[in-house]
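Residue numbers (this note's numbering): 355 to 579.
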């Protein structure tokens with residue numbers, strides 16, 4: 355059975371100025387298992403997508419992507435699904451708009467690696483499950499924000515910090531540590547959600563940055579909150 359990705363409209367205004375694509379995580383359970391709209395890794399991204407849409411104030415087209423299958427298959431990865439979604443969005447809107455990718459866990463990994471798509475201007479990786487070698491090629495002019503809780507026992511913050519350091523040698527990267535934050539982003543969800551929404555609005559719409567992102571823009575690349 356051939357599994358296909360699915361694109362879900364969250365908020366698509368008539369004349370958007372930018373696009374935000376929200377990517378879920380979720381480990382594989384068995385080979386070629388379809389993504390369920392009700393699995394926790396998918397549902398977890400709904401409030402984040404809504405927070406981004408509210409912050410966009412009718413100027414951002416916000417979508418959620420359901421990957422073609424669970425986990426990370428080496429033959430067809432979530433990066434392929436993200437690229438497909440960005441192309442599909444451009445077709446739907448009738449033009450290519452600057453895009454921000456927002457992903458959690460394996461979705462954070464996909465967001466980082468999909469940054470080489472021509473539409474992408476910025477990436478938010480929330481508690482990304484990554485390898486230190488997960489560095490996008492041809493994305494030096496993108497802006498990146500990695501947000502990771504120091505209480506995460508699923509995705510190691512040390513690995514995302516390694517990625518941030520390596521990527522920061524050639525791109526604009528900010529790293530925020532959420533003190534006490536865990537992988538599910540539940541207890542400190544307002545910090546995770548808020549930073550994702552703010553970064554999307556700042557990088558796509560030119561809105562002024564708040565305290566945390568303002569510190570990063572001022573040159574303090576590593577911030578703990």
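Ideal Cβ placement from N, Cα and C applies to all residues, glycine included. Every value quoted in this text rests on a predicted model; they were computed, and no experiment measured them.
Whole runs of the beta strand (DSSP E) within the region 514-542, excluding any shorter than 3 residues: 526-532
Going by beta carbon distance, what residues of the same chain come within less than 6 Å of residue 518, once the five residues before and after it are set aside? 500, 527 and 529
Please report how far the alpha carbon of residue 481 lies from the alpha carbon of residue 462, in whole angstroms. 7 Å
For residue 379, the three-state DSSP class (helix, strand or coil): coil
Would you decide whether residue 431 is buried or exposed? Buried here means 16 or more other CB atoms lie within 10 Å of its CB. buried
Counterpart residues of residue 576 in DSSP-defined beta bridges: 529
Give me the DSSP bridge partner(s) of residue 360. 420
In the DSSP assignment, what residue or residues form a beta bridge with residue 456? 376 and 478
Can you list, in chain order, the residues of its chain with a C-beta nearer than 6 Å to that of residue 497? Leave out the 5 residues immediately preceding and following it. 476, 526 and 557
Taking residue 497 as part of the beta strand (DSSP E), name the residues at either end of that continuous run. 497-503
Spatial distance of residue 362 from residue 504 (CA atoms): 31 Å
Residue 415 - DSSP class collapsed to helix/strand/coil: strand
Since residue 405 is in the alpha helix (DSSP H), which residue starts that stretch and which ends it? 400-410
Burial state of residue 547 (16 or more Cβ within 10 Å): buried
Around the Cβ of residue 449, are there at least 16 other Cβ atoms within 10 angstroms (buried) or fewer (exposed)? exposed
Less than 8 Å separating the beta-carbons of residue 511 and residue 414? no
To which residues does DSSP link residue 365 through a beta bridge? 416
Which term fits residue 390, buried or exposed, when burial requires 16 or more other beta carbons within 10 angstroms of its beta carbon? exposed
Which first and last residues belong to the alpha helix (DSSP H) in which residue 389 is found? Counting along the chain, residue 389 falls outside any alpha helix (DSSP H), and DSSP gives it neither H nor E.
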